[in-house]
Structure formats: C-alpha cells, structure tokens
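Under full-length UniProt numbering, think of the first position of the sequence shown as 1, with each following residue one higher. Even for Gly, the Cβ is constructed at its ideal location relative to N, Cα and C. These notes are about the structure you will find just below.
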Amino acid sequence: MTQRSARRENINLTEIYGSNVFNDQVMRQTLPKEIYKSLRQTIEEGLPLDPQVAEVVASVMKDWAIAKGATHFTHWFQPLTGVTAEKHDSFISPTPDGRVILEFSGKELIKGEPDASSFPSGGLRATFEARGYTAWDYTSPAFVKDGTLYIPTAFAAYTGEALDKKTPLLRSMDAINRQALRVLRALGNKTVKRVTTTVGPEQEYFLIDKKLFDERQDLILTGRTLFGAKSPKGQELEDHYFGQINDRVASFMADVDTELWKLGVAAKTEHNEVAPGQHELAPIFSTTNIATDHNQLTMETMRKVALRHGLVCLLHEKPFAGINGSGKHNNWSMGTNEGQNLLDPGKDPHQNSQFLLFLSAVIQAVDDYAEILRMSAASPGNDHRLGANEAPPAIISIFLGEQLTDILAQIEAGGATKSKAGGTMNLGATALPSWAKDTNDRNRTSPFAFTGNKFEFRMVGSMQPIAQANFTLNTIVAESLCKFADRLEKAADVQKEINAIIFEVVKKHKRVIFNGNNYSGEWVAEAKKRGLPNIGNMVDAIAAITAEKNIAVMGKHGVLSPVEMESRAEIQYEIYIKTINIEAQTMVEMAKRQILPAVLSYKAELANSIAAITAVEGNTEVETTLFAQVSQLVRSFSTNLTKLEEAIQTASPMHGDTKAQAVAYRDLVFKAMGDLRKDADALETMVDAEYWPMPTYAKLLFNL
Ligand code: ADP
Ligand code: MG
C-alpha cells in the first residue's frame, strides 16, 4: 500500500472539502434568511454591499470561526510584492470588569488599515504618508487557517489608488461583464445577468530534499541555483514525465490535497512533470478572482507542507539550468451566470455566430495588445524560460487548431458552410474502445492555445500571481467586446453586422494565428515577417505598461488609472533591479567564501602531490596537465569575479532613473553573472568531489 492510500484511508473527502470555508452552504445555514438573500444577490449581480448586511455577516462569521478554533482574524491581501500579506488581530475586547468578550464588527470585516509604508507603491505615496486601506472582497469566501479567520481583501492607498493585484482584477471582472452583457443584449439575450471569466491554473513546481537545500546559499536566498554543472543525467530519457510518483512525493501530494480541500481549493490532478524532481498540480477551474486567491493558497500550502516532509518546494521559474523550468498554464474562459461557456464552440461551430463573435474578440485583443499581455508574464525568473525550448517563446501567437482555423478561412473566402469533423478514433484491436476524436490536436508549444472550450495562456511563470495575467486578459477582451457592442447596438441587421465583424477580425488579425511549432527558428523569422512583437526580456517588456495605447485601454475600462500604471512600471523596474542585485551579491559571496577557497585547497593538494610524485617517479604529466587546467580556470574565475563586482558597483548607485538602472543590471550585471558561472561550472566538473562546497545537480535532482 502506498503512503498515499494509507493517508487517505482516514479521510472522508466530502466531509473535509470546504470544511474551513465560510462558503455559500455555511452562509445559507447560519445567516438570517433575508441577510443571506441580500448577500447572495449582491455577490451574483456584482452590487454594492449594504453595511447592515455586513454587520450581521461579521457577527455570524466570527461565531463560525471561533467554533473552528480561530482566535484571530486577518485581512489577507496581495500587495505588489508577489506574495500575500496578513496582519493578525485577536477577537478579544476587554470589559470594564477585567474580562474579555469576543468581538468582530461589520466595520472590521469590511475595512482594515494596515500601515502601507513598507509595501511597494512605485512612488504613489511618500513613506511618511503611510495610510493604506484593505477592503473586504465579498466575492471570495473567508476561511479559517491555523487558528485565524482569513478575509480576502483589496489593498489601496489613502488616496484611493490600488496598491495590489486584486483591485484591478476585480475592476476588470466588472469591465468584461459590462461589455459582454452589451454584446449579449445586442444579440437578443435578455436573461443573462452576469458574465464572469473563469480560470484553472496548472501549477508546476520542484521538490528537493531540505537537507540539501540548506547547503545551498543560492537556493536559500534566491530560490534558484546560481552555480551548478549539468548532471550526467537530466531529462533526456523522458522517463519522469507522467512517471510513477514515488512514495515520499505521493505522501506530500496527499497532504497538500487534504490541506487544500479543507480550504475549498479543488485540487484535482497531480503528476510528474518533464524535469527530474518536477511536478504539477491542477485544480478544477473557478471564477477568476477565486482561482487567483486559491492559487496563492496553493503555493503557500505547497511550501509549508513540503517542510513537514523534510522537503522544500521550489516555485522559482528556473531553479536549475539545463533542464526545464516551471510555469503556470492559465486556462481562461468566459461564462454566464446561467452556466453557458461563451467559448464553447458547440457541435457546429461554423453556425454558432455567438461563439465566433466571442472567439473573434479574443483574437483581436491578443493581437492588438500583445505587448501588455507579454508584460503580464514578465518576471526576472521567467526571463530564463520564455524563448528557451521548454516554454513558449516571447512571441505572442494563438493556436486555434485545424477545425477553427478552417472555419475562419472559409469565412474569409466568403462564408463558412461546414465544420470539419474529428472522425473516429479506432485503435485496431477489438478489446479497445473507439471514440469520436477531438476536433483538434494539442499544441504544447503555443503561448496561447485554444483547448476545446477555453484558452490556455501558457507563458505565466510558476511563481507569479496570476492576477496580472488575468486582469490584462479581461481588460483587452473587454475592449474588443466594447468595440463590437458599439457596432452591434447601432446595426440595422445584427446578423449581417456579426458576419462583418468576424470577417474583418479574420482579415486583420489572422497574422496572430499560428498552429505550427513555436519552438522552431522558422517561427521566429516568420513572426518577424508578420510584424509580431518579440520582446525577449522583462526590462524591455515593462515599456508596454507606459505605452499610450495600454494606458488608454486600462483607463477606459476603469481597471488602472494612468498614475497607477506609471507606478506599476516603476515597481516592475525595481523588482528587476533588486532581484538581480540579490542574485549577483549571492554569487559574489559564494564565489569568494565557498568556491574559491575550495578550489584553492584542491590546487594546493595537487601541487603537493606533484612535488611528492616528482621525488619518487619524475613523470607527473597527468597531474601537471590537470593543475594547469584548473589554474587557468581559477584565473578566469577570479577575473570574472572582479568584473562582476565592478558591474554591481556601476549599476547599483541609485540615480532615480529606474529604467536605465534596470538596463544596466541586465546588460552589465546579469551578463557578468553568466560569465562567472561558466567558469565555476567547468571547475565543478574537474575538482575532487570531496572539495566541492555544495551539493551537485545530480544529488539535488535524483535523491528523493
Ligand atoms: P485539458 O486536458 O484540456 O488541459 P483539463 O480538464 O485537464 O483540460 O483542464 C486543465 C485546466 O483547465 C483545469 O484546471 C481545468 O479545470 C481548467 N478548465 C477547464 N474548463 C475551463 C473553463 N471553462 N474555464 C477555465 N478553466 C477551465
Ligand atoms: Mg500542463
């Protein structure tokens, strides 16, 4: 029996699922009927919250949380650091006679006031103007974790500007709802009340042994290995992907599942990924806002549970050079409150003009706003992936598959008359079932792939919160829908106008559609011919945030104001600068205090043995050759170390121009880091293993 089945024997899945969540069922059971109805309507129709309702909800929520063992509550928010933040307050309130009562007011539920001065604001407020507010996001359920009631909140400055990732996400949910409803109404739909986007993010990660992790300064401080020669065995045998899950990992996964299920996170699929030590977890999709919160919880839970198992969960996009890094596949769609998936082609997509219209909206958005979409997946860690042969390239394109591409071609040629069928799958043995084939194959190389009834945005980095990718997607698609609605609302013949819109989108935006191999060199050349942007690194990507058309679209839909956009660009430059600076400093320290001393000791031993052998034998050819090779590498290493230190000195003084500074970090520091690493990795393959001061890739990747 595997550890997983052993662990799960004691679990009643339906009982624990959502057991720590103040979800709809709990609300229905615990709230007065009128209050429940009012809150439900508020959530479903996206209405403003009634303060009296908040008062009752707070009191009921507190009693529920206390029964679950909570003593504290916290507003849980997502500042622009990329991780979540929380500040715990206990429920106690002293009485005059020296006792305490437990209190939690509607005001405490809906509003918090953390000191905002130490969170990134990109110049939005000076540090002496420290006021910040958190506001309850009632669309994402509260939950109890580790004795604390967690209340999902948005975070904003005193002046009202968003300082977090949730606020623009919620604004973008409103924007796409508004525009999608306009389109649906123009199409004659009178019943749909709300359109929301849905997301299922697949999360990749690595697991390594905690003891080995502790021996690597780079992993501890930066989350990735800054040195490390390739292991003799990597992923070339392709034996890890979907391979059997070993007991230690299985027991970790079982624990993660249980923790997540309690929090109402629908963890569903687990498997080994391509690289050794790499795995994936996918949940069942939910509303984008909730999926975003749940993805944060998933990452936190994986990190925490790993430690219980003597493991460390690495979420960095590129913990190891030479093997695959980790990403997050952001599966995204739009659906109505009546349960219709607006990106479901149905049986005969060529006749489904509503589907084709929404599909066109996505195609137009992705082509028109490729740069800001690319930016939404930019991070220092993701710079190691995008464009390498493991992740989609930095060029944004859409995979549509054969059937839809064919329909669009028919439309362009004058009108679509048929949908290509998938045919039947027959494996040629009577013992095996046959089935109707999917109408499209998969394309694992495309950054933005249609996968049946949703798009999979495959560029997002494993460590990144998914909020930015999704508020960007929501907003740019809202813009397409807005333009469509402007036309449809005025059209005398709606069907004719729909056809015209789709026809024009195909003509104008088919350049963004590509069904071939995105990893190939030919595609890079072809994309250039088509005029598609190819933005190779984060520093260049950031420019999109302050580009006029992107400021305009975010402003028009009320998602981010020009000031908020400017501040976000600043923060991105700062993140890049700080990340590379920490990595570079860590490299210098490891080089000086670990690698150099180790190599010099080894050199001394070699020198001693050459002297000793000379005395008895005379022929020291092997030893002297090795000595010369090591000496030469050490010299180069030492020179490159000096160069790296100089690069840091040149780049690090702050001069107010963060963009120029980020460029310096990329062109001087990051480059010097690569040179230094090359020497160290070569030395690692020559120096006596006894001397090497840190665990090797082979050890890190193959010892679980
Ligand atoms: P596939 O095999 O096509 O990748 P899966 O069912 O494995 O599809 O889904 C991958 C991810 O996409 C899962 O997290 C799943 O919940 C999510 N997903 C499925 N349908 C939708 C949808 N309509 N909107 C958003 N995500 C979805
Ligand atoms: Mg996947």
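From residue i to residue j, what does the alpha carbon distance come to, in whole angstroms?
i      : j      : result
Thr546 : Lys699 : 45 Å
Leu47  : Asp97  : 43 Å
Ala664 : Trp64  : 54 Å
Pro141 : Pro319 : 33 Å
Thr642 : Tyr697 : 26 Å
Lys420 : Asn515 : 16 Å
Gln52  : Gly106 : 8 Å
Leu356 : Gln585 : 52 Å
Glu103 : Met61  : 11 Å
Asp657 : Ile577 : 11 Å
Pro533 : Thr71  : 52 Å
Glu574 : Ala662 : 8 Å
Ala85  : Arg635 : 46 Å
Leu207 : His279 : 8 Å
Phe128 : Ser117 : Any reading at Phe128 must be qualified, since the residue scores a pLDDT of 49, below 50, and its modelled position is unreliable; the value itself is stated next. Approximately 7 Å, taken between the alpha carbons.
Ala569 : Gly122 : 8 Å
Gly18  : Arg666 : 45 Å
Asn499 : Leu481 : 15 Å
Ala394 : Gly521 : 13 Å
Gly339 : Asn703 : 47 Å
Leu170 : Phe448 : 23 Å
Phe457 : Thr445 : 11 Å
Thr81  : Asp681 : 32 Å
Leu311 : Val83  : 21 Å
Lys165 : Phe399 : 28 Å
Asp24  : Trp692 : 56 Å
Met1   : Pro392 : Its pLDDT being 38, under 50, Met1 is placed unreliably by the model, and the measurement read from it follows with that caveat. Distance between the alpha carbons of Met1 and Pro392 is about 39 Å.
Lys678 : Asp209 : 26 Å
Glu460 : Leu314 : Here residue 460 is Val; the residue named in the question, Glu, does not match the sequence. Going by the C-alpha atoms only, they are around 16 Å apart.
Ile35  : Val56  : 8 Å
Ile411 : Ala541 : 34 Å
Which residues does DSSP pair with residue i in a beta bridge?
i           : result
Ile398      : Phe448, Ile513
Gly461      : Gly327
residue 774 : In the structure displayed, the chain extends from 1 to 704; residue 774 sits before or after that span and is not available.
Arg131      : Asp115
Lys87       : His75
Glu44       : According to DSSP, which records beta bridges pairwise, Glu44 is partnered with nothing at all.
Ile92       : Leu102
Val144      : Leu149
Phe455      : Trp332, Phe450
Leu311      : Asp209
Asn341      : Gly335
Ser286      : Val199
Could you give the residue range of the beta strand (DSSP E) that holds residue i?
i           : result
Phe77       : 72–77
Pro283      : 278–283
residue 715 : Since the first residue shown for the chain is 1 and the last is 704, residue 715 is missing from the structure and cannot be characterised.
Leu102      : 100–102
Trp350      : The question names Trp, yet the displayed sequence has His at residue 350. It is not in any beta strand (DSSP E) - His350 carries neither H nor E in the DSSP assignment.
Glu270      : 267–272
Pro152      : 148–157
Determine whether the Cβ of residue i lies closer than 7 Å to any Cβ atom of chain C.
i      : result
Phe457 : In the structure shown, chain C does not exist; there is a single protein chain.
Just curious, the alpha helix (DSSP H) that residue i is in, first and last residue?
i           : result
Pro562      : 562–590
Pro168      : 166–186
residue 721 : The displayed coordinates of the chain run from 1 to 704. Any statement about residue 721 would go beyond what the structure contains.
Ser59       : 51–67
Val599      : 596–616
Val663      : 658–664
Glu15       : 13–16
Asn550      : 548–556
Original post:
Would you call the segment 332–350 and the segment 137–157 in contact, with 3 or more CB pairs under 8 Å?
Top reply: no
**OP:** Would you check if there are 3 or more beta carbon pairs closer than 8 Å linking the segment 467–480 to the segment 368–383?
**Re:** yes
**OP:** Tell me, please, whether the segment 190–197 touches the segment 31–46 by the rule of three or more beta-carbon pairs shorter than 8 Å.
**Re:** yes
**OP:** Quick one: which unbroken alpha helix (DSSP H) runs of 4-plus residues sit fully inside the segment 481–545? Chain order, please.
**Re:** 494–509, 521–530
**OP:** Taking 8 Å as the threshold, find out whether the segment 533–546 comes into contact with the segment 504–515 through three or more Cβ pairs.
**Re:** Touching, no.
**OP:** Give a yes or no on contact between the segment 198–210 and the segment 281–298, applying the rule of three or more CB pairs nearer than 8 Å.
**Re:** Contact holds: three or more Cβ-Cβ distances are below 8 Å.
Original post:
At a cut of 8 Å, does the segment 386–400 reach the segment 531–541 through at least three beta carbon pairs?
Top reply: Contact holds between the segment 386–400 and the segment 531–541, because three or more Cβ pairs, one in each stretch, are under 8 Å apart.
Original post:
Does the segment 631–649 touch the segment 590–608, meaning 3 or more C-beta pairs lie closer than 8 Å?
Top reply: These segments touch.
Original post:
Along the chain, which unbroken stretches of the alpha helix (DSSP H) at least 4 residues long are found entirely within the segment 356–387?
Top reply: Scanning the segment 356–387 for uninterrupted alpha helix (DSSP H) segments of 4 residues or longer gives 370–375, listed from N- to C-terminal end.
Original post:
Counting pairs of Cβ atoms below 8 Å between the segment 601–608 and the segment 239–259, do you hit three or more?
Top reply: no
Original post:
Does the count of Cβ pairs from the segment 521–533 and the segment 409–418 closer than 8 Å reach three?
Top reply: no
**OP:** Report yes or no: do the segment 176–185 and the segment 323–331 share at least 3 C-beta pairs separated by less than 8 Å?
**Re:** no
**OP:** Evaluate the contact criterion for the segment 254–261 versus the segment 217–237: three or more CB pairs, one atom per stretch, below 8 Å.
**Re:** no
Subject >> Completely contained beta strand (DSSP E) runs for the segment 208–255, where each covers 3 or more residues >> reply: Runs of the beta strand (DSSP E) inside the segment 208–255: none found.
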